[in-house]
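Notes follow once the structure below has been shown.
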Amino acid sequence: MSAAYKKIVLFVMFVLLGLIVSIQVKVIINEREKVSAKNLDSNQLVEQIEELQAQNEILEVEIQKALKEREELTLSVISDQASYELETKYNQLNTVKLQAGLTGVTGPGVIIRLDDAAALRQITNASILIIHDSDIMALLNDLKAAGAQAISINGERIVAMSEQLCAGPTIRINRNRYTVPFEIIALGDPDLLNKALQSSERLAYMTRDRIVVNIRTSRSIYVPGLNTANIKLGTLMSNLEVLDSDIR
Amino acid sequence: MTLDKTKRSIALALVCLSLGIILAWQYKSINNSETASGLENLREDQLKDELIQLQDDYADMLERFTELKNENEEIKEQGMNENDIRDRLNKELVEVKTFAGMLDVMGAGLRINMKEGSTFSIQDDDLLQLINELRAADAQAISINDERIVAMTEIRSVSSLYIMINGNRYTSPYEIKAIGDPQKMENSLNMIGGVMDDFKGLDFQISIEKSDSIVIGGVKDDGSVIKTDLLIPVDKEK
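Line by line, the protein sequences give chains P and V.
Numbering-wise (our numbering), the first sequence opens with residue 242 and increments by one.
Numbering-wise (our numbering), the second sequence opens with residue 128 and increments by one.
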């Protein structure tokens, strides 16, 4: 009775063992097939994306050329007219463009380089070791409060409606995505900007959390204007109806 | 006999042990493969979104390029008289001034009223977070207590007493107005774990009201809000 019972137990166990081993093998084989199929799909997607990106870049350059040609044509027509009124208007337009952040500019300022705490990326709570949108927002705010006149992040000019939005490991600015390292350039009085950074609470927290922060001042740095080749200004204000306009 | 019994027991224990290990392994590998394929799917969705975005961009840019090219050709062939050029300059001037936030504008959007509770005061970070969320939802004009948000607008708490916006002091309550797609903006504020959740946790009283005719004034600038005296315009080729 006891021997028979033991045999039955052993038998059941071996059956189970066999079953489990075969399931395991099946899962592994399945997984391999799935992964290779997925890789094929996403590789194709990546290829298509790269192709389109290249295509769009070429088109962007062409648009920039056409915009420049338009500018030159306008200017030549204005000088042909020899009209003081038109020249004044043209100069006024350029001033407003400068104020709106549509013109590339140089000036004194600070360059801030930020990178995630790379060496520590492996450890448990990675969330505090990476740069967040709120960090960038707070830093920009500190710089603005210290009288910054033009700011760019990774070459993306900050204008009135520029967002800084975290999406996974990237930050979205002006609808374009950027990954670390981030380079913030702020033009203004370098001493005031630097002082603001040194007393910035947020920057202190970031340094404490081992975010890599590098700051240097310069007498002349370039900040590009908003790229208007890949987006039409009008689409950014399609919902706005202008109420007052003293421009005739 | 006792030896035989011990041997059997050991064998049985071994079988049980390996069974346990294998079961655990099996469970883990199925679990793992599920999260891995979940990640793969997420990545693929992101790639597809990116592809669609790029295709849309291409179509828009192609249209714009054709338009520009044709207009340039027209100018070259027919020239422009004084009136044409005045109209063009005026149109662009209004556009750029609107973009910079210098003009009064009207449109559909949201009116958000925000009042602090007794526990926490509203800080600069809260307002920054809110307007960033609105910007990300494609807001086209924003104001806080009728201070137009322009590129270099600061929102800065001064020792929890008041908040400086465009160089002026404000305290709770705050009225934030935003023009854009009302539904899209409201959705992004109400997202789970979004700003509204955060604000409720801080005991702020908030109401969001959709409207077809939000009016937002141009920036009130005494010369200190939009400054460019340190900037030298440069025409840099790409």
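Ideal Cβ positions, reconstructed from N, Cα and C, are used throughout, including at glycine.
These figures come from a predicted structure and were not determined experimentally.
For residue i, list the residues DSSP reports as bridge partners.
i        : result
Arg354/P : Glu424/P, Asn455/P
Leu146/V : Beta-bridge pairing links Leu146/V to no other residue.
Thr347/P : Tyr463/P, Ile359/V
Ile137/V : Note: Ile137/V sits in no beta bridge, so no partner.
Gln305/P : In the DSSP output, where bridge partners are listed per residue, Gln305/P has none listed.
Glu302/V : Asn240/V
Lys337/V : Leu237/V
Val342/V : Met233/V
Gln405/P : Ile414/P
Ser263/P : The partner list for Ser263/P (beta bridge, DSSP) is empty, contrary to what the question assumes.
Asn295/V : Ile292/V
Glu291/P : Bridge partners of Glu291/P: none, in fact.
Val285/V : Tyr289/V
Ala391/P : Leu428/P
Ser270/V : Arg275/V, Lys304/V
Arg398/P : Ser393/P
Just to check my reading of the structure: residue i and residue j have Cβ atoms closer than 8 angstroms, yes? What is that Cβ distance to the nearest angstrom?
i        : j        : result
Leu357/V : Gly348/P : 4 angstroms
Ile392/P : Gln153/V : With 8 angstroms as the limit, Ile392/P and Gln153/V do not qualify as a contact, their Cβ atoms being about 55 angstroms apart.
Ile372/P : Asp357/P : 6 angstroms
Ser283/P : Glu171/V : 5 angstroms
Met254/P : Leu144/V : Actually they are not in contact, since the Cβ atoms of Met254/P and Leu144/V sit about 11 angstroms apart, beyond 8 angstroms.
Leu481/P : Gly228/V : Contact doesn't hold; Cβ gap of about 10 angstroms is too wide.
Ala264/V : Met312/V : 4 angstroms
Arg213/V : Leu327/P : 6 angstroms
Could you tell me which chain V residues have their CB closer than 7 angstroms to the CB of residue i, listed as they occur along the chain?
i        : result
Gly348/P : Leu357, Leu358, Ile359
Ile264/P : Gln153
Which bits of chain V does residue i rub up against, with CB to CB less than 8 angstroms?
i        : result
Glu404/P : Asn259, Arg262, Ala263
Glu301/P : Met188
Val318/P : Ile202, Gly206, Met207, Ile212
Asp374/P : Asn259
Asp282/P : Glu171
Lys330/P : Arg213, Leu216, Asn217, Leu220
Could you tell me which chain C residues have their CB closer than 9 angstroms to the CB of residue i, listed as they occur along the chain?
i        : result
Met241/V : Checking the listed chains, one finds no chain C in this structure; the protein chains it contains are P and V.
Between residue i and residue j, is the Cβ-Cβ spacing less than 7 angstroms?
i        : j        : result
Ile462/P : Ile414/P : no
Ile261/P : Ile149/V : yes
Met447/P : Gln267/V : no
Ile341/V : Ile306/V : yes
Asp253/V : Gly344/V : no
Leu467/P : Leu343/P : yes
Leu237/V : Ile335/V : yes
Glu198/V : Leu474/P : no
Gln305/P : Leu178/V : no
Glu281/V : Lys330/P : no
Arg398/P : Pro465/P : yes
Val232/V : Val483/P : yes
Lys224/V : Val337/P : yes
Glu292/P : Asn471/P : no
Tyr185/V : Asn297/P : yes
Leu334/P : Glu209/V : no
Ile456/P : Phe423/P : no
Ala292/V : Ile271/V : Residue 292/V is actually Ile in this sequence, not Ala. It is a contact, given that the beta carbons lie within the stated cut-off.
Pro309/V : Lys337/V : yes
Arg275/V : Val346/V : yes
Thr469/P : Val351/P : no
Val454/P : Leu355/P : yes
Phe192/V : Ala341/P : no
Val268/P : Ser156/V : yes
Asp330/V : Thr246/V : yes
Could you list which residues in chain P have their beta carbon closer than 7 angstroms to that of residue i, in chain order?
i        : result
Glu177/V : Ile290
Asn210/V : Residues of chain P passing the Cβ test: none, with the nearest at roughly 10 angstroms.
Val322/V : Simply none; closest approach about 11 angstroms.
List, in chain order, every chain P residue whose beta-carbon is nearer than 9 angstroms to that of residue i.
i        : result
Ala227/V : Val337, Lys338, Gln340, Ala341, Gly342, Leu343, Val400, Ala401
What in chain V is Cβ-close to residue i, meaning under 9 angstroms?
i        : result
Glu397/P : None at all; the shortest Cβ gap to chain V is about 12 angstroms.
Arg311/P : Leu195, Glu198, Asn199, Ile202
Ala391/P : Ala278, Met279, Thr355, Leu357, Leu358
Lys436/P : What Lys436/P touches in chain V: nothing, since even the nearest Cβ is about 14 angstroms away.
Thr439/P : Here residue 439/P turns out to be Gln, not Thr, going by the sequence shown. Those do not exist, as Gln439/P stays about 16 angstroms from chain V at its closest Cβ, beyond 9 angstroms.
Met447/P : The premise fails here: Met447/P is roughly 14 angstroms from chain V at the closest Cβ pair, so nothing lies under 9 angstroms.
Taking C-beta pairs closer than 8 angstroms, name the residues in chain P that residue i reaches, listed in chain order.
i        : result
Arg296/V : Ordered by position in chain P, no residue passes the 8 angstroms Cβ test against Arg296/V, which lies about 13 angstroms from the chain.
Leu150/V : Ile261
Leu312/V : The amino acid occupying residue 312/V in the given sequence is Met; Leu does not appear at that position. The premise fails here: Met312/V is roughly 11 angstroms from chain P at the closest Cβ pair, so nothing lies under 8 angstroms.
Gly234/V : Asn480, Leu481, Glu482
Phe192/V : Leu300, Glu303, Ile304, Ala307
Asp131/V : Within 8 angstroms Cβ-Cβ: nothing; Asp131/V doesn't reach chain P, min ~11 angstroms.
Gly307/V : Asn480
Is it a yes or a no for the segment 134-148 of chain V touching the segment 374-385 of chain P, going by three-plus beta-carbon pairs under 8 angstroms? no
Segment contact flag, the segment 311-330 of chain V with the segment 256-263 of chain V, C-beta cutoff 8 angstroms, min 3 pairs: The segment 311-330 of chain V, when compared against the segment 256-263 of chain V, does touch it at the 8 angstroms Cβ threshold.
Is it a yes or a no for the segment 234-250 of chain V touching the segment 294-306 of chain V, going by three-plus beta-carbon pairs under 8 angstroms? yes
Can we say the segment 389-407 of chain P touches the segment 426-437 of chain P, given the rule of at least three CB pairs closer than 8 angstroms? yes
Is the segment 284-298 of chain V in contact with the segment 323-339 of chain V, if contact means three or more CB pairs nearer than 8 angstroms? no
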